[in-house]
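Just so we're aligned: the sequence shown equals residues 1 to 274 in this note's numbering.
Using N, Cα and C, we set each Cβ at its ideal position, and we do this for glycine too.
Computed from a prediction, not measured in an experiment: that's the story for all the values here.
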Amino acid sequence: MSQRIPVTELPQSVVWAATELDLFDDNNTISRSHFRTLGEFLLRYGGGNSTPAPAKVTRTRTKATKAEVRSELTDRIREFLATHPGATLHEIAVALSVPLPAITTSARPVEWLVLAENELEEPTERVESQTISDTRDRARGALQAANLMASPLTHNAYTALLRSGRIQGPSVARIVQLFGSWSAACSSVGVSSGEALRSNYERTWDEEQLFGFVERFLREPVHHGASHQFDVWRSTVNSTQKVPSLGTVRNILGGTWGDIRNATLRRMRAAWAN
Numbered sequence: 001m002s003q004r005i006p007v008t009e010l011p012q013s014v015v016w017a018a019t020e021l022d023l024f025d026d027n028n029t030i031s032r033s034h035f036r037t038l039g040e041f042l043l044r045y046g047g048g049n050s051t052p053a054p055a056k057v058t059r060t061r062t063k064a065t066k067a068e069v070r071s072e073l074t075d076r077i078r079e080f081l082a083t084h085p086g087a088t089l090h091e092i093a094v095a096l097s098v099p100l101p102a103i104t105t106s107a108r109p110v111e112w113l114v115l116a117e118n119e120l121e122e123p124t125e126r127v128e129s130q131t132i133s134d135t136r137d138r139a140r141g142a143l144q145a146a147n148l149m150a151s152p153l154t155h156n157a158y159t160a161l162l163r164s165g166r167i168q169g170p171s172v173a174r175i176v177q178l179f180g181s182w183s184a185a186c187s188s189v190g191v192s193s194g195e196a197l198r199s200n201y202e203r204t205w206d207e208e209q210l211f212g213f214v215e216r217f218l219r220e221p222v223h224h225g226a227s228h229q230f231d232v233w234r235s236t237v238n239s240t241q242k243v244p245s246l247g248t249v250r251n252i253l254g255g256t257w258g259d260i261r262n263a264t265l266r267r268m269r270a271a272w273a274n
């Protein structure tokens with residue numbers, strides 16, 4: 001068998017490819033090895049009857065992911081709480097016609113504006129933080145000790161005894177924060193307070209004003225109602241209005257931050273629930 005094949009015996013597609021690749025010799029023949037390789041190539045890649053590769057199908061997503069559904073529900077809850085602060089999870093579920101488990105999960109990013117069912121009523125007895133309770137007890141002890149050396153016990157006399165080291169206790173300003181006034185502090189331990197307290201030792205804010213500041217803070221979404229963010233928020237508004245520190249708020253309103261938050265939410269809730 002001849003090792004070369006004449007052009008007249010070749011398929012037209014092979015002739016064209018072989019011509020383009022300059023595989024024919026002067027006698028218009030091609031080696032069988034070239035023909036075999038060229039034929040395999042044409043069958044695989046250039047044959048007219050070859051099956052085209054299936055086109056890649058891109059599916060259009062029509063259903064939202066769980067994360068997207070949850071995020072959308074959180075936005076709806078946030079909008080509802082903007083006008084209904086202090087609502088319960090059950091109330092939100094009813095208002096939005098969404099199952100309670102879904103509301104419970106999606107409300108977590110805005111839960112500082114939500115009241116639990118057992119937080120709707122004000123506790124009959126306010127729980128005071130241990131630190132404030134201890135400071136209040138120290139103040140009472142200091143007032144009683146000072147009264148043994150000065151009677152009536154004026155704030156000036158108390159300050160003098162404090163500075164001389166003859167008594168140990170909170171400052172006059174701190175006592176006023178804790179009890180509301182110098183006379184109220186003295187009365188709590190049966191001590192005569194003497195002359196009226198100077199105006200610079202009087203409380204700057206009453207409870208109504210303090211609850212108003214806490215409400216403004218809770219309505220700021222960037223701080224998430226966190227206690228450690230209160231003084232951060234305070235620093236941003238103090239340029240236009242004097243705002244008390246968190247310590248002052250806790251000293252006057254009493255209780256933990258959770259107690260103060262809940263009390264404020266109950267007041268905010270009353271504006272739409274009653």
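{"Item": "Buried or exposed by the 16-neighbour rule on C-beta atoms within 10 Å, applied to Asp25", "Value": "exposed"}
{"Item": "Distance, Pro221 Cα to Val189 Cα", "Value": "43 Å"}
{"Item": "Within 9 Å, strictly: CB atoms of Thr154 and Leu210", "Value": "no"}
{"Item": "Distance between Trp182 and Leu197 (C-alpha atoms, nearest Å)", "Value": "Note that Leu197 scores 48 on pLDDT, short of 50, meaning its location in the model is unreliable; the coordinates nonetheless yield the value given after this. Distance between the alpha carbons of Leu197 and Trp182: 7 Å."}
{"Item": "Burial state of Pro99, where buried means 16 or more other Cβ atoms lie within 10 Å", "Value": "exposed"}
{"Item": "Pair within 9 Å by beta-carbon distance, Ala273 and Gly86", "Value": "yes"}
{"Item": "Closer than 8 Å: Thr256 CB and nearest the ligand COA heavy atom", "Value": "This structure simply doesn't include the ligand COA, nor any ligand for that matter."}
{"Item": "Closest by C-alpha distance to Met149, when choosing among Leu162, Asp259, Arg138 and Ala139", "Value": "Leu162"}
{"Item": "For Pro6, the three-state DSSP class (helix, strand or coil)", "Value": "strand"}
{"Item": "Assigned secondary structure, Glu79 (DSSP; H/G/I helix, E/B strand, else coil)", "Value": "helix"}
{"Item": "Opposing strand residues paired with Thr29 [DSSP bridges]", "Value": "Pro6"}
{"Item": "Nearest neighbour of Pro109, chosen from Arg140, His90, Thr264 and Glu79 [CA to CA]", "Value": "Glu79"}
{"Item": "Supposed close pair Glu215, Thr264 - CB separation, criterion 8 Å", "Value": "5 Å"}
{"Item": "Option nearest Arg36 by Cα separation, candidates Asn27, Val14 and Thr19", "Value": "Val14"}
{"Item": "C-beta atoms of Leu275 and Val176 nearer than 9 Å", "Value": "Nothing about residue 275 can be read from this structure; the chain reaches only from 1 to 274."}
{"Item": "Of the listed residues His224, Ala64 and Arg250, nearest to Thr135 (C-alpha basis)", "Value": "Arg250"}
{"Item": "Ile92 versus Pro244 - alpha carbon distance", "Value": "33 Å"}
{"Item": "Ala64 versus Ile77: straight-line alpha-carbon distance, rounded", "Value": "18 Å"}
{"Item": "C-beta atoms of Phe230 and Leu246 nearer than 9 Å", "Value": "yes"}
{"Item": "Where Pro85 sits in the DSSP three-state scheme", "Value": "coil"}
{"Item": "Straight-line Cα distance separating His224 from Arg140", "Value": "37 Å"}
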